[in-house]
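Written out below as C-alpha cells is the structure these notes cover.
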Amino acid sequence: MRYLITAVGRMKAGPERELLDRYLDRARKTGRALGVTAVDVSETVESRAQRSEDRKAEEAQVLLSGLHPRARLIALDETGKTMASPAFAEVLRGWMDEGCPEIVLAIGGADGHGADLLARADLKLAFGAMTWPHQIVRILVAEQVYRALTIQSGHPYHRV
Numbered sequence: 838m839r840y841l842i843t844a845v846g847r848m849k850a851g852p853e854r855e856l857l858d859r860y861l862d863r864a865r866k867t868g869r870a871l872g873v874t875a876v877d878v879s880e881t882v883e884s885r886a887q888r889s890e891d892r893k894a895e896e897a898q899v900l901l902s903g904l905h906p907r908a909r910l911i912a913l914d915e916t917g918k919t920m921a922s923p924a925f926a927e928v929l930r931g932w933m934d935e936g937c938p939e940i941v942l943a944i945g946g947a948d949g950h951g952a953d954l955l956a957r958a959d960l961k962l963a964f965g966a967m968t969w970p971h972q973i974v975r976i977l978v979a980e981q982v983y984r985a986l987t988i989q990s991g992h993p994y995h996r997v
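For what it's worth, my numbering labels the leading residue of the sequence shown as 838, then goes sequentially.
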C-alpha cells in the first residue's frame, strides 16, 4: 500500500521543505511495519489557462491522469469535511484493510480543484474554515499521514 501526496505547484527549498521531508521520513519509517511501501510527493505545474474554471479543469486532469483505478482519492478542499485525527486514521485503516493499493491526497492549485477531481474523490477533507498556504497544507497533510500511521501502530505520538 502506498501513500501519495500530489500537489499543483512546486515547493522550494527552505524550512518548509525541510519540515515536509521530516514528516515524510517519519511516515515512511512508521508505515513499513504496517505494510506501507511508500509515502511520496508528486508535484505538477500550475495551469497557465486564462480562466479559473479552465485552470481547475486542466489541473484536475493532470492530477487524475496517473491515478490507479483502485486508488482512494482524498481531495483537500475548503468545503470538505473536518475530521479528528483518530477518525481520519480509522478511514485510512479501513481502506488499507480493503486492499486499496494507493491512497492519494490531492492539493489543488490556487483556484482549488476542478469538478472532475471533486466528483472522483472518495473523501473531501478540510483543515478547518481558514485558508492555508499550499506549502503549509503539504506539511499538514504529511503530518496527518504520519499521525494516522502512529495511531494505527499504537505509537504514543498521538496522545489522547
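We put the beta carbon where it would ideally sit given N, CA and C, even for glycine.
Determine the DSSP secondary structure at residue i, reduced to helix, strand or coil.
{"i": "Val-876", "result": "strand"}
{"i": "Leu-871", "result": "coil"}
{"i": "Asp-914", "result": "strand"}
{"i": "Lys-826", "result": "With the chain covering 838 to 997 only, the question about residue 826 has no answer from this structure."}
{"i": "Arg-863", "result": "helix"}
{"i": "Arg-854", "result": "helix"}
Please report the residue range of the alpha helix (DSSP H) in which residue i lies.
{"i": "Ala-926", "result": "922 to 934"}
{"i": "Tyr-983", "result": "971 to 990"}
{"i": "Glu-895", "result": "889 to 902"}
Restricting to Cα atoms, I'd like to know which of the options is closest to residue i.
{"i": "Arg-957", "options": "Gly-846, Ala-894, Glu-927", "result": "Ala-894"}
{"i": "Glu-980", "options": "Ala-850, Lys-849, Met-967, Glu-855", "result": "Glu-855"}
{"i": "Pro-938", "options": "Thr-843, Thr-874, Pro-852, Gly-851", "result": "Thr-874"}
{"i": "Asp-959", "options": "Tyr-860, Gly-868, Glu-883, Leu-904", "result": "Leu-904"}
{"i": "Glu-915", "options": "Pro-993, Ile-842, Ala-963", "result": "Ala-963"}
{"i": "Gly-949", "options": "Gly-936, His-971, Gly-965", "result": "His-971"}
If you draw a straight line from the alpha carbon of residue i to that of residue j, how long is it in whole angstroms?
{"i": "Gly-917", "j": "Lys-961", "result": "4 Å"}
{"i": "Trp-969", "j": "Ala-870", "result": "32 Å"}
{"i": "Ser-990", "j": "Ile-911", "result": "22 Å"}
{"i": "Val-845", "j": "Glu-896", "result": "7 Å"}
{"i": "Ser-922", "j": "Gly-951", "result": "26 Å"}
{"i": "Trp-932", "j": "Ala-908", "result": "9 Å"}
{"i": "Ile-988", "j": "Arg-839", "result": "17 Å"}
{"i": "Arg-865", "j": "Arg-892", "result": "33 Å"}
{"i": "Pro-906", "j": "Asp-934", "result": "17 Å"}
{"i": "Thr-881", "j": "Leu-900", "result": "8 Å"}
{"i": "Gln-887", "j": "Gly-946", "result": "14 Å"}
Considering residue i, what are the terminal residues of the beta strand (DSSP E) in which it resides?
{"i": "Ala-844", "result": "839 to 845"}
{"i": "Ala-943", "result": "939 to 944"}
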